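Engineer: Take this structure, written in structure tokens, and hold onto it; I'll ask about it next.
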Amino acid sequence: MASAEEFPALAIRSNVGVELWKTLKKEFPYVPYEKFPRDVSKNCRTLQFSPCGRFLAWGNGGKVQLCRLTISGDWEVIASLPRPKAFYLKFSPRGKYLMTWEIFSTNKDNPEGSPNLFVYATETGDEVFSAVQKKQVEWEPGWSSDESIFALMLGGEVFFYEVNLPDGFKSSTKKLGGGRNGCISMAPNVGQPFLAFYVPGTKGSPSMCKIYQYPSLNPAQAVSSKSFFQADKVEMMWNKRGTGLLLLTSMEVDQSNASYYGKQALHFMSTKGESFAVQLSKEGPIHAVAWSPKSTEFIAMYGFMPSKATLFNLKCDAIFEFGENSRNSIYFNDFGNLVLLAGFGNLRGNVEVWQLGKERKCISTLQAPDSTQLEWNPNGEVFMTATTAPRLRQSNCFKIWHYSGALLHETMWPPEQELLEVRWQKYNSGVFKEKPVSSEKVVGIQSAQPQASTQVYRPPAARGLPMKTFDLYSDNVGKSTIPGLNPAKHDGKKKQRRDPKTQKPRPGQQKGDGARKNHGGEGITPDDSAPKVVTQKDEGEPKRSNGNRIITGDAQKDRKIQRIQKKLYDIAKLREKQTNGETLKDTQVDKINSEESLIKELHSLTIVA
3 MASAEEFPAL
13 AIRSNVGVEL
23 WKTLKKEFPY
33 VPYEKFPRDV
43 SKNCRTLQFS
53 PCGRFLAWGN
63 GGKVQLCRLT
73 ISGDWEVIAS
83 LPRPKAFYLK
93 FSPRGKYLMT
103 WEIFSTNKDN
113 PEGSPNLFVY
123 ATETGDEVFS
133 AVQKKQVEWE
143 PGWSSDESIF
153 ALMLGGEVFF
163 YEVNLPDGFK
173 SSTKKLGGGR
183 NGCISMAPNV
193 GQPFLAFYVP
203 GTKGSPSMCK
213 IYQYPSLNPA
223 QAVSSKSFFQ
233 ADKVEMMWNK
243 RGTGLLLLTS
253 MEVDQSNASY
263 YGKQALHFMS
273 TKGESFAVQL
283 SKEGPIHAVA
293 WSPKSTEFIA
303 MYGFMPSKAT
313 LFNLKCDAIF
323 EFGENSRNSI
333 YFNDFGNLVL
343 LAGFGNLRGN
353 VEVWQLGKER
363 KCISTLQAPD
373 STQLEWNPNG
383 EVFMTATTAP
393 RLRQSNCFKI
403 WHYSGALLHE
413 TMWPPEQELL
423 EVRWQKYNSG
433 VFKEKPVSSE
443 KVVGIQSAQP
453 QASTQVYRPP
463 AARGLPMKTF
473 DLYSDNVGKS
483 TIPGLNPAKH
493 DGKKKQRRDP
503 KTQKPRPGQQ
513 KGDGARKNHG
523 GEGITPDDSA
533 PKVVTQKDEG
543 EPKRSNGNRI
553 ITGDAQKDRK
563 IQRIQKKLYD
573 IAKLREKQTN
583 GETLKDTQVD
593 KINSEESLIK
603 ELHSLTIVA
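Counted the way the numbering used here counts, the sequence shown spans residues 3 to 611.
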């Protein structure tokens with residue numbers, strides 16, 4: 003096994019293959035590792051390190067490659083598994099077994115279908131188990147922390163296999179449940195394993211979650227139970243010691259119509275028989291929940307944007323508030339002395355680094371816009387962010403940061419390729435030791451990526467003119483330039499119409515009244531709020547009329563300009579929603595990302611040859 007003095011390696015999956023990067027001198031930068039057998043393939047789908055870091059597996063569209071780290075530090079391929087359609091990979095807790103899952107399918111020659119879940123021994127690559135697992139969500143079998151118990155949920159039943167017995171995977175020794183679908187989660191505790199079994203409710207009956215200790219699986223032998231209504235599905239999260247369980251329940255539709263996001267709730271259960279409903283102090287969705295690796299506290303992030311983040315103890319009492327901000331993600335390092343609170347997806351990529359323990363404070367902030375991945379290094383001092391496809395296909399890169407906010411490494415991926423995934427090599431618990439958090443600022447490097455502009459967007463035709471004349475939505479004070487929008491309808495104050503001879507309000511008009519139709523059915527009388535044609539001094543320049551609408555004299559070009567202006571208007575509205583923390587669809591995010599190309603196209607159409 004590699005020395006802890008070395009930095010963990012980075013496994014990188016792209017549309018041209020899988021490779022391993024390392025830093026060999028305990029310093030940056032990271033470079034491709036020559037001793038790793040690089041896989042050149044355009045169809046690499048998935049990538050996984052074993053929890054101990056000795057094994058690395060990936061699917062390349064033709065087979066699953068299983069690699070092992072040798073004592074000398076070389077990586078060798080020990081097996082090529084015949085799983086060309088492998089969609090997911092996962093290792094058992096100690097890395098003794100590798101599980102693969104592929105989409106279940108049938109055909110006229112095989113109407114029953116074939117096994118799509120397989121288990122392999124990592125030391126030899128031998129297949130030891132297979133089954134039909136139709137579920138894609140929660141497909142993973144459960145394992146006890148010592149890998150002696152293997153649990154698989156099929157339909158409404160959980161089958162338990164004691165793999166150290168002579169029959170091993172051949173026949174199950176215990177069963178639990180029956181009749182209704184559900185899900186199971188094995189606790190990572192030492193000794194006889196605890197397990198949580200969830201059964202969704204039917205009409206008129208609540209959903210139920212029970213904690214058992216294997217092999218006592220009789221319903222009357224449950225060590226803890228919790229029932230709740232309004233829960234179509236549940237996400238179960240054990241703490242590191244396997245003594246506490248958080249249940250994030252949700253319904254896709256809130257029947258009271260109180261929330262667009264559906265109905266969510268957070269519950270706590272323990273192996274001591276305790277159960278609580280976690281009380282959240284702000285209305286809105288639950289964005290993220292995460293246990294501290296110390297297992298004595300957890301953080302919930304919730305509420306309409308800006309969201310709240312609260313630290314809770316095992317009694318579900320709020321013991322610290324992180325305040326409100328635009329964020330939706332929580333990342334603890336492996337020791338629980340540092341946590342990142344961040345806003346990704348449709349948020350701006352702000353990252354806050356908080357120190358935990360006796361003294362809780364924010365020690366640094368940084369910007370990691372467009373990040374689609376974030377993962378702590380096992381040493382607990384640095385973390386990696388990456389911008390990957392297919393979520394974002396431009397400016398793919400990965401960066402390594404120190405917790406003080408310093409950028410330590412940056413690799414911009416070639417624009418003709420797509421970066422798909424970046425993962426730290428894992429290590430057994432205890433290899434790295436927790437170090438004191440320092441307030442000293444580490445010296446970093448300057449990013450090669452251009453910083454996002456903080457200036458207000460100005461249309462191409464408005465650039466170069468005095469700022470007091472133009473801003474995002476106006477070319478004159480109080481005059482809207484949004485394409486197709488009549489400025490008269492959006493003036494802050496309606497001007498009083500006066501008789502041109504006396505300069506007094508015309509008869510029959512009240513003070514403050516704007517232009518309106520008279521009782522004779524005539525149209526609006528022209529006044530100061532009506533659209534005007536802005537005369538350009540240079541006759542060769544495109545003419546403007548009706549606010550920001552550009553007229554070039556070429557009907558086909560004018561139609562193109564109008565369509566682009568409409569798209570830019572829509573993007574401006576989407577950005578406003580994004581700033582307010584609303585969740586955007588992928589198509590809406592793609593539309594925002596097209597803004598730069600639209601601006602360039604608009605500029606080319608408005609330039610006079």
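Glycine is no exception: its CB is placed at the ideal position from the N, C-alpha and C atoms.
Please read all numbers here as calculations on a predicted model, not as lab measurements.
(1) Output yes or no for whether 8 Å exceeds the beta carbon distance between Q67 and W77.
(2) Is DSSP giving V353 helix, strand or coil here?
(3) Give the secondary structure of S599 by DSSP, where H, G and I count as helix, E and B as strand, and everything else as coil.
(4) At a threshold of 7 Å, does M155 count as lining the ligand COA (C-beta to nearest heavy atom)?
(5) Taking DSSP as the reference, what is the three-state secondary structure of V18?
(6) Note down the Cα distance separating K284 from K310, rounded to an integer number of angstroms.
(7) My output table needs one value for K443: the three-state DSSP class, helix, strand or coil.
(8) Using 8 Å for Cβ pairs, my map puts T251 next to A233. What's the rounded Cβ distance?
(9) Answer yes or no: do I151 and Y99 have a C-beta to C-beta separation smaller than 8 Å?
(10) Using C-beta distances below 6 Å, list every residue in its chain close to A370, excluding the 5 sequence neighbours before and after it, in chain order.
(11) Measure the alpha-carbon distance for L22 versus Y405 and round it to whole angstroms.
(12) Tell me whether D41 sits in a helix, a strand or coil according to DSSP, three-state version.
(13) Pull up the distance between the alpha-carbon of V130 and that of G144, whole angstroms please.
(14) Where does E383 land, buried or exposed, given buried means 16+ other C-beta within 10 angstroms?
(15) Looking at L299: is its Cβ nearer than 8 Å to the Cβ of L282?
(16) Would you tell me roughly how many angstroms separate the C-alpha atoms of C399 and R329, rounded to the nearest one?
(17) Classify E578 as helix, strand or coil using the three-state DSSP reduction.
(18) Since I believe P190 is in contact with S218 (beta carbons under 8 Å), could you give me their beta-carbon distance rounded to a whole number of angstroms?
(19) With a threshold of 7 Å on Cβ separation, who are the neighbours of S116 within its own chain once the five nearest residues in sequence on each side are excluded?
(20) Inspect the beta-carbon positions of L268 and L248 and report whether they are closer than 8 Å.
(21) Based on DSSP bridge pairs, tell me the residues matched to R425.
(22) On the premise that N430 lies in contact with C54, defined as a C-beta separation below 8 Å, what is that separation, rounded to the nearest angstrom?
(23) Here's the rule: buried if 16 or more other CB atoms are within 10 angstroms of the residue's CB, otherwise exposed. What is S209?
(24) How far does the beta strand (DSSP E) with D291 in it reach, from first residue to last?
(25) Which two residues bound the contiguous beta strand (DSSP E) that contains Q375?
(26) Mark V160 as exposed unless 16 or more other C-beta atoms lie within 10 angstroms of its C-beta, in which case mark it buried.
(27) Using only the alpha-carbon positions, how far apart do G127 and V121 sit?
(28) So, using beta-carbon positions, are I301 and V236 closer together than 8 Å?
(29) Quick test of your reading: L154 and A133, contact by CB under 8 Å. State the CB separation rounded to the nearest angstrom.
(30) Thinking C-beta only, is N17 closer than 8 Å to Q396?
(31) Could you tell me the alpha carbon to alpha carbon distance between F434 and N339, rounded to whole angstroms?
(32) Taking F300 as part of the beta strand (DSSP E), name the residues at either end of that continuous run.
(33) Put A222 into one of helix, strand or coil per three-state DSSP.
(34) Ends of the beta strand (DSSP E) at I332?
(35) So which of W378, Q357, E423, P84 has the shortest CA-CA distance to N335?
(36) Count Cβ pairs between the segment 82-90 and the segment 42-51 that sit closer than 8 Å; are there 3 or more?
Structural biologist: So, from the listed chains and residues:
(1) no
(2) DSSP places V353 within a strand segment (E or B) once states are collapsed to three.
(3) helix
(4) Looking for the ligand COA in the displayed structure turns up nothing, as the structure carries no ligands at all.
(5) Correct three-state label for V18: coil.
(6) So the alpha carbons of these two residues sit roughly 7 Å apart.
(7) coil
(8) 4 Å
(9) no
(10) For A370, where only same-chain residues beyond five positions count, the Cβ hits under 6 Å are G351, V353, T387.
(11) 24 Å
(12) strand
(13) Those two C-alpha atoms are separated by around 16 Å.
(14) buried
(15) Rather than Leu, the amino acid found at residue 299 in this sequence is Glu. In this structure, L282 does not lie closer than 8 Å to E299 by Cβ.
(16) C399 and R329: Cα-Cα distance of roughly 22 Å.
(17) helix
(18) 19 Å between Cβ atoms; not a contact.
(19) none
(20) yes
(21) Beta-bridge pairing links R425 to A13.
(22) 5 Å
(23) buried
(24) The sequence given here has Val at residue 291, not Asp. Its beta strand (DSSP E) spans residues 288-293.
(25) 375-378
(26) buried
(27) For the pair G127 and V121, the Cα-to-Cα distance works out to about 9 Å.
(28) no
(29) About 6 Å separates the Cβ atoms of L154 and A133, confirming a contact at the 8 Å cut-off.
(30) The beta carbons of Q396 and N17 sit no closer together than 8 Å.
(31) 14 Å
(32) 299-304
(33) helix
(34) 331-334
(35) Closest by alpha carbon: W378.
(36) yes
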